[in-house]
Every structure is written in C-alpha cells, then in structure tokens.
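Input: a single structure, listed below in structure tokens.
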DNA sequence: TCAAAAGTGTTAGTGATACACCCATGC
DNA sequence: GCATGGGTGTATCACTAACACTTTTGA
C-alpha cells in the first residue's frame with residue numbers, strides 16, 4: 006500500500022471546552038465566528054491541525070491565538086467525525102477539555118478582548134456545528150472528574166478556603182453537600198495544607214486558606230490510592 | 006476562510022482493540038501486516054477512514070474486512086496523533102475498543118483465517134506503530150469498564166454460570182474475588198435472570214445458567230443507579 | 001448588637017469484607 | 001467413594017449520611 010493514496014482526506018481540527026470558575030459560577034469560553042459557516046454564531050475555540058503538529062500543541066496554539074488563554078490542565082475528551090457535521094466537508098474534530106484559573110483580574114483583560122467571551126454554563130447560546138453535543142460530553146466528563154480526581158484545584162486560586170472549594174464542587178456536581186462531612190472527608194484525604202493565612206476584607210469571620218498538596222496526591226496516587234469526593 | 010486550504014492534511018485512520026474471552030483467558034485480536042511499514046509485525050486491525058464515512062462505520066468495516074469479526078460493543082477510546090508515530094507521514098488514529106463473544110466454535114474459523122489471530126493479553130508480541138501504547142490505554146479502560154458497567158456480559162455466552170462470570174471479572178481485573186460476596190452483590194443488583202437451565206456434560210454438580218437482564222439494567226440506569234462490582 | 005459565615009462531633013445506618021462447610025454430580 | 005466445584009450465612013468493620021449550635025468578625 007502506497008502512502009499517497011488517492012481518495013481525499015478528511016480535514017482534522019481540534020476544539021477545546023475551556024472551563025473557568027468565577028463569582029461562584031462555572032463558565033465556558035466561547036468565540037464568535039467571524040466567517041462562514043455559522044458566521045456570527047458562538048463556537049468552541051479551535052481550528053485546523055497544523056502539519057506535523059501534535060494534538061495538544063495545536064489546542065494550546067489555537068487557544069492562545071483565539072482567546073489569549075493558556076490552560077493549566079488539558080485532557081482529551083473524544084473525537085467527532087459524523088459526515089455532515091461541518092458543511093464545508095468531512096471533518097474530524099479531536100476535542101479537549103481545559104481548565105483555567107480565573108483568579109480575579111488578570112484573566113478578564115485577555116478574554117473580554119476580541120470576540121471571545123466567558124459564558125455561564127447555565128446560560129449558553131446555541132452553538133455552531135455539533136459543538137453543543139461536544140459540550141454536553143465535556144460537562145459529563147467534568148462532573149466525573151471533579152469527584153474522581155483533584156481537578157477542582159486547577160479552577161481555584163492557589164490559596165482557597167474550604168467553603169470556596171465546597172461551593173465549587175457543589176456547582177460542578179449540581180448538588181449540595183454537607184459541610185461537616187465534606188470537611189471531614191478532605192481532612193482524611195490528607196492532601197490539603199493549612200497555610201495559617203486567612204481571608205482578608207470580608208465582613209465576617211475570616212476563613213483559613215489552604216493549599217493543595219500535589220506532591221502528596223501524586224505519592225498516594227502512585228500507591229494505588231483512589232481520590233473520591 | 007475558504008475551505009480548500011493549502012497545507013497538506015494529515016491522514017486519518019481508525020484502529021480497534023478487540024477483546025474476546027475464551028478458555029478463561031482474555032484475548033486480543035491482532036493482524037499481521039502484509040506490507041510496509043512494519044511488514045510482518047503484528048498490529049491492531051484498522052485502516053484509513055473513507056470519504057464521508059462515519060468513524061464507527063469505518064471501524065466495523067475494517068474489522069469485517071480484515072478479520073471477519075462483527076463486534077457487539079464498540080466504544081471510542083481516544084485519538085493518537087503525535088508526529089512520527091507513522092513513518093509514512095502525519096497520521097491521526099481514532100482508536101476504539103470492541104468486545105466480541107467467542108462462544109465455542111463459530112469464532113474460531115473466522116479469526117484463524119487469513120493473518121488475523123487471537124493473542125492472550127499476557128502474551129502479546131511487540132506491536133507496530135504506537136499500538137502498544139493504545140493497547141495499554143485500552144486495557145486500563147477495560148478494567149474500569151468491567152467494574153463500572155455491565156460489559157462483561159458481552160464477552161460471555163448468552164447463558165452463563167455465576168462462576169464463569171466471576172472468573173471473567175477476576176481475569177479482567179487481575180485480582181481474585183470472594184465467591185459469596187460476589188454472588189450476594191450480583192443478587193442485590195437484581196439484573197440476573199436465573200433460567201432454570203444447567204450446565205451439561207460437566208463431571209461435577211452442574212451450575213445454574215443465568216441471563217443478563219439488559220432491560221432492567223437500562224431502567225435502573227435511567228433512574229440514576231450506578232452499576233459497580 | 002446584628003448579620004454572616006466559620007468551625008466543630010456524634011449517632012445510626014448501610015455497605016464491604018472476611019471467613020468454612022455441606023451438597024450434588026459424574027466418574 | 002472420591003474428586004470437583006456449586007451453593008449458602010453471619011459477624012465485624014469502615015464509611016456514609018444526617019443533623020445544630022457556638023464562635024468570630026466587621027459593620
């Protein structure tokens with residue numbers, strides 16, 4: 006079999022579902038399409054894979070170009086290739102989920118620029134292509150991930166209070182958790198370092214701030230320990 | 006942006022890790038490559054995606070062409086696209102895992118034909134391309150699947166004894182289980198129908214044969230029930 | 001002094017684990 | 001009658017779930 010085979014190849018794109026967390030809301034980064042097809046519609050950031058470009062590299066490149074965002078965590082979600090999903094022709098998309106820290110101010114400037122915008126997950130517009138379907142898959146994956154692996158910490162600031170962490174987890178999972186049980190569980194996991202620092206500028210008792218002990222997590226993980234919230 | 010863009014497209018292939026279970030062994034279906042690159046090496050069955058062909062269709066087509074196998078269960082595993090993984094040029098592979106029932110005789114003829122062969126998972130040859138890596142991912146996924154979803158039943162005959170089921174699960178997970186606890190668990194899941202039929206031709210007390218109640222599983226599943234062994 | 005969230009233990013229930021013997025059958 | 005695997009119950013332990021009040025702080 007020779008490599009230069011005759012029939013036309015499908016196009017290959019990468020797309021990313023980028024999650025951020027701000028103001029107790031889970032948000033997704035979308036871009037407004039500037040050209041056909043679906044001009045003016047919102048879509049997942051992404052684009053064509055470059056020649057001899059690795060898939061994760063392509064995702065990071067596209068994200069940086071289109072939105073100025075450099076995600077902390079990148080994970081392959083799956084591939085979509087049903088004929089007709091792109092009116093321009095047969096196109097395979099390899100989709101990724103990405104997590105970004107939206108701590109306060111820095112991210113704002115980047116992402117409000119151009120035609121990229123953060124949408125709350127519960128108020129998403131209709132999306133171009135089959136991106137709605139990809140997003141549904143990403144949402145499911147995120148829910149699974151947040152209770153199965155310590156991904157929440159990539160959405161929060163480096164230092165966070167236990168209540169912030171709990172609220173994030175509740176937001177992602179879509180169900181409330183018991184405060185005491187949640188704290189007990191985390192304490193028993195032995196992966197949170199109390200810093201001795203406290204919230205500032207809050208009109209109430211300040212909560213202690215914690216840091217995630219990734220080294221400890223990696224160690225326990227290697228020993229076969231299974232994280233679970 | 007026009008669709009006929011200038012730079013060359015990567016090739017797109019599909020590959021499948023096909024699992025079967027026979028003689029208390031978990032097996033994988035491999036084909037011997039008839040041409041370069043890696044001529045004579047063993048590889049996962051698969052091939053180039055056709056024009057306007059859907060990904061699962063392509064997998065089924067390739068499996069049928071190359072091995073005569075029509076899998077019961079097909080599930081996307083992930084995509085591999087690191088430059089250099091195919092010496093012929095930049096190639097994206099969308100990999101699937103597939104499950105096949107190897108009940109007794111029928112499968113034998115199909116699969117021993119041509120240059121396709123079933124290998125025990127613990128005695129695999131070196132594989133072409135990065136197929137070893139794909140296989141590792143598939144193995145991990147299968148372990149996760151077997152304890153999380155009722156996939157074992159697609160590897161067993163329609164009627165099976167509880168011991169057969171337990172042995173299969175132990176084989177996949179690689180650890181022994183307690184017989185009484187296993188049976189208690191399955192009983193409590195309420196998804197196994199005792200048929201009143203029994204093994205025949207065994208030199209000992211015959212075990213009762215059960216059937217998996219998929220309708221019940223679907224119903225419970227829809228109600229939010231989580232299967233777990 | 002009020003509002004707001006921080007922080008903290010106990011109990012009951014449920015599910016997981018560990019464990020051993022008798023029974024039926026074919027040879 | 002013997003070898004082989006089929007089939008069964010109980011006690012303990014660990015984890016989960018439910019639940020309410022006092023403390024601290026800033027305004």
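Chains as they are written, first to last, in this note's numbering: chain A, 6 to 234; chain B, 6 to 234.
Just so it is clear, CB atoms sit at the ideal spot from N, CA and C, and this is done for glycine as well.
Query                                                                                                                                                                            : Result
According to DSSP, is residue 38 of chain B helix, strand or coil?                                                                                                               : coil
Taking the C-alpha atoms as reference points, what is the distance between residue 174 of chain B and residue 220 of chain B?                                                    : 21 Å
Counting along the chain, where does the beta strand (DSSP E) carrying residue 84 of chain B start and finish?                                                                   : 78 to 85
Nearest-angstrom Cα distance between residue 45 of chain B and residue 189 of chain A?                                                                                           : 57 Å
Please confirm whether residue 96 of chain B and residue 51 of chain B have their CB atoms less than 8 Å apart.                                                                  : no
In angstroms, rounded to a whole number, what distance separates the CA positions of residue 103 of chain A and residue 22 of chain A?                                           : 6 Å
Below 6 Å CB to CB, which residues in the same chain sit around residue 197 of chain A once its five sequence neighbours on both sides are set aside?                            : 191, 215
Using only the alpha-carbon positions, how far apart do residue 124 of chain B and residue 13 of chain B sit?                                                                    : 37 Å
With 8 Å set as the bound, which would you pick, yes or no: does the beta-carbon of residue 24 of chain B sit closer than that to a beta-carbon of chain A?                      : no
Return helix, strand or coil for residue 158 of chain A, following the three-state DSSP convention.                                                                              : helix
List the residues of chain B that residue 186 of chain A touches, going by C-beta distances under 8 Å, in chain order.                                                           : Neighbours of residue 186 of chain A on chain B: none; closest Cβ ~19 Å, over 8 Å.
Taking CB distances under 8 Å as the criterion, tell me whether residue 14 of chain A reaches chain B.                                                                           : yes
Return no unless some Cβ of chain B is closer than 8 Å to the Cβ of residue 87 of chain A.                                                                                       : yes
Hey, would you say residue 233 of chain A sits closer than 8 Å to residue 153 of chain A, going by beta carbons?                                                                 : yes
Pick helix, strand or coil for residue 145 of chain B, following the three-state DSSP scheme.                                                                                    : helix
Near residue 30 of chain B, which residues of its chain fall below 6 Å by C-beta distance, leaving aside the five closest residues on each side in sequence?                     : 125
Within 10 angstroms of the Cβ of residue 200 of chain A, are there 16 or more other Cβ atoms? Answer buried if so, exposed if not.                                               : exposed
For residue 93 of chain A versus residue 61 of chain A, is the C-beta spacing smaller than 8 Å?                                                                                  : no
Do residue 59 of chain A and residue 76 of chain B have their beta-carbon atoms positioned less than 8 Å apart in this structure?                                                : no
Excluding the 5 residues flanking residue 218 of chain B on each side, which residues of the same chain have their C-beta closer than 6 Å to its C-beta?                         : 196, 198
Grab the span of the alpha helix (DSSP H) containing residue 187 of chain B for me, first residue to last.                                                                       : 184 to 194
Kindly indicate the opening and closing residues of the alpha helix (DSSP H) around residue 171 of chain B.                                                                      : 167 to 178
Just checking: is the beta-carbon of residue 136 of chain B within a distance shorter than 8 Å of some beta-carbon in chain A?                                                   : no
Are there three or more Cβ pairs, one per stretch, closer than 8 Å when the stretch 199 to 213 of chain B is compared with the stretch 138 to 156 of chain B?                    : no
Does the distance from the CB of residue 106 of chain A to the CB of residue 159 of chain A come in under 8 Å?                                                                   : yes
Would you please verify whether the beta carbon of residue 95 of chain A is less than 8 Å from any beta carbon of chain B?                                                       : yes
Do you know whose CA, among A:166, A:176, A:74, A:179, lies nearest residue 207 of chain A's CA?                                                                                 : A:166
Mind listing which residues of the stretch 58 to 76 of chain A have their C-beta closer than 8 Å to chain B's C-betas, in chain order?                                           : 58, 59, 60
Which residues mark the beginning and the end of the beta strand (DSSP E) in which residue 223 of chain B is found?                                                              : No beta strand (DSSP E) contains residue 223 of chain B, which is instead part of the alpha helix (DSSP H) from 219 to 227.
If the cut is a Cβ gap below 9 Å, which residues of chain A does residue 84 of chain B touch?                                                                                    : 60, 81, 83, 84, 97, 99
Can you find the residues in the same chain that come closer than 6 Å, C-beta to C-beta, to residue 79 of chain A, ignoring five residues on each side of it along the sequence? : 61, 101, 103
Quick check: what's the CA-CA separation for residue 163 of chain A versus residue 27 of chain A?                                                                                : 14 Å
For residue 56 of chain A, which residues in chain B fall below 8 Å Cβ to Cβ?                                                                                                    : 12, 13, 15, 95
Would you mind giving the Cβ-Cβ distance between residue 133 of chain A and residue 48 of chain A, rounded to the nearest angstrom? I have them listed as a contact below 8 Å.   : 4 Å
With distances taken between CB atoms, is the gap from residue 84 of chain A to residue 177 of chain B smaller than 8 Å?                                                         : no
Among residues of its own chain, excluding the 5 on either side of residue 135 of chain A, which ones have a beta-carbon nearer than 8 Å to its beta-carbon?                     : 85, 87, 90
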